[in-house]
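If you're matching positions, the sequence shown starts at 1 in UniProt numbering and goes up one per residue. Every residue, glycine too, gets a C-beta built ideally from N, C-alpha and C.
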Amino acid sequence: MKDGELDDVDRHILYYLQQDARGTSSSEIAEKLDLSASTVRTRINKLEESGIIRGYHLDIDYDLAGYPLYTKIICTAPIPDRDEMANAAREIEGVTAVREIMTGERNVYVNTIGRDHDDLNRISEELDALGLEIVDEQIIRDEYVCPYHGFLDGGPDE
Numbered sequence: 001m002k003d004g005e006l007d008d009v010d011r012h013i014l015y016y017l018q019q020d021a022r023g024t025s026s027s028e029i030a031e032k033l034d035l036s037a038s039t040v041r042t043r044i045n046k047l048e049e050s051g052i053i054r055g056y057h058l059d060i061d062y063d064l065a066g067y068p069l070y071t072k073i074i075c076t077a078p079i080p081d082r083d084e085m086a087n088a089a090r091e092i093e094g095v096t097a098v099r100e101i102m103t104g105e106r107n108v109y110v111n112t113i114g115r116d117h118d119d120l121n122r123i124s125e126e127l128d129a130l131g132l133e134i135v136d137e138q139i140i141r142d143e144y145v146c147p148y149h150g151f152l153d154g155g156p157d158e
C-alpha cells in the first residue's frame, strides 16, 4: 500500500472504524463488506503499520468528567519554531490537543480543559512562556466528531 492509495475495502474499513472503533468488530465489518474477518483484521493491521490509522481515541464529555471549561486557544508561532512549540505545548497539563496550521498568522490551535479560570490562566501563561503569542480564546460548548462519508465514495480520484 503506497501513501494515499487506498482501495474501496480500506476506505470502507476506515469509515466503519470512525463510527465506533471500540464497538465495531472485524467480524461486523467483514459482514457488511462480504469479506472474511481475517481479511478485515489483516487490512486493519496494514493500515496501522503504514501509519494511516494513528490510534484509537476516546470521545470524552469533559463537563461530565469534572472539567467544565473546554477551551480552544489560538496562537501565533514563528514559522521556524512552530513544530517545536506545538510539540512542547502538548506537555502542558490540561492540554488535550494541538493543531499546527499551515497557513496564516493563527498557526497553532491548542485545546485545553480546566476546572476553573485559574486552570485556564495557568495554561495561557505556560503557552506564553513557550513563546506562543495568544491571539484568541474560545470556550467550546460541545464538539461533535463524525466519520468522513467520502470513504464510502470511490475515493479521491473518482
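- Bridge pairing for Arg99: Tyr109 [DSSP].
- Boundaries of the alpha helix (DSSP H) harbouring Tyr16: Asp8 to Asp20, taken from the DSSP string.
- Residue pairing by DSSP places Asp136 opposite Ile74 in a beta bridge.
- In this structure, the CA atom of Ile44 is about 29 Å from the CA atom of Val95.
- By the Cβ test, the segment 67 to 80 is in contact with the segment 105 to 119, since at least three Cβ pairs between them sit closer than 8 Å.
- Just so you know, the alpha carbons of Ala88 and Asp136 end up roughly 19 Å apart.
- A direct Cα-Cα distance of roughly 7 Å separates Leu69 from Asp63.
- Apart from the 5 residues on each side of it in sequence, Tyr67 sits with its Cβ closer than 7 Å to the Cβ of Ile113, Gly114 and Arg115 in its chain, given in chain order.
- Under DSSP, Gly150 forms no beta bridge with any residue.
- Residue environment analysis places Thr103 among the exposed positions, since fewer than 16 neighbouring C-beta atoms fall within 10 angstroms of its C-beta.
- In the DSSP annotation of this structure, the continuous segment of the alpha helix (DSSP H) that includes Val40 starts and ends at Ala37 to Glu49.
- In this structure, the CA atom of Asp8 is about 8 Å from the CA atom of Leu152.
- The C-beta separation of Asp10 from Leu47 comes to about 6 Å, placing the pair in contact by the 8 Å criterion.
- Contact annotation: Leu130 and Ile73 have beta-carbon atoms that are not nearer than 8 Å.
- The beta carbon of Gln18 is closer than 6 Å to those of Pro147 in its chain, skipping five residues each way along the sequence.
- Looking at the backbone, the Cα of Ala21 and that of Tyr144 are separated by about 16 Å.
- In this structure, DSSP gives Leu33 a helical state, which the three-state scheme calls helix.
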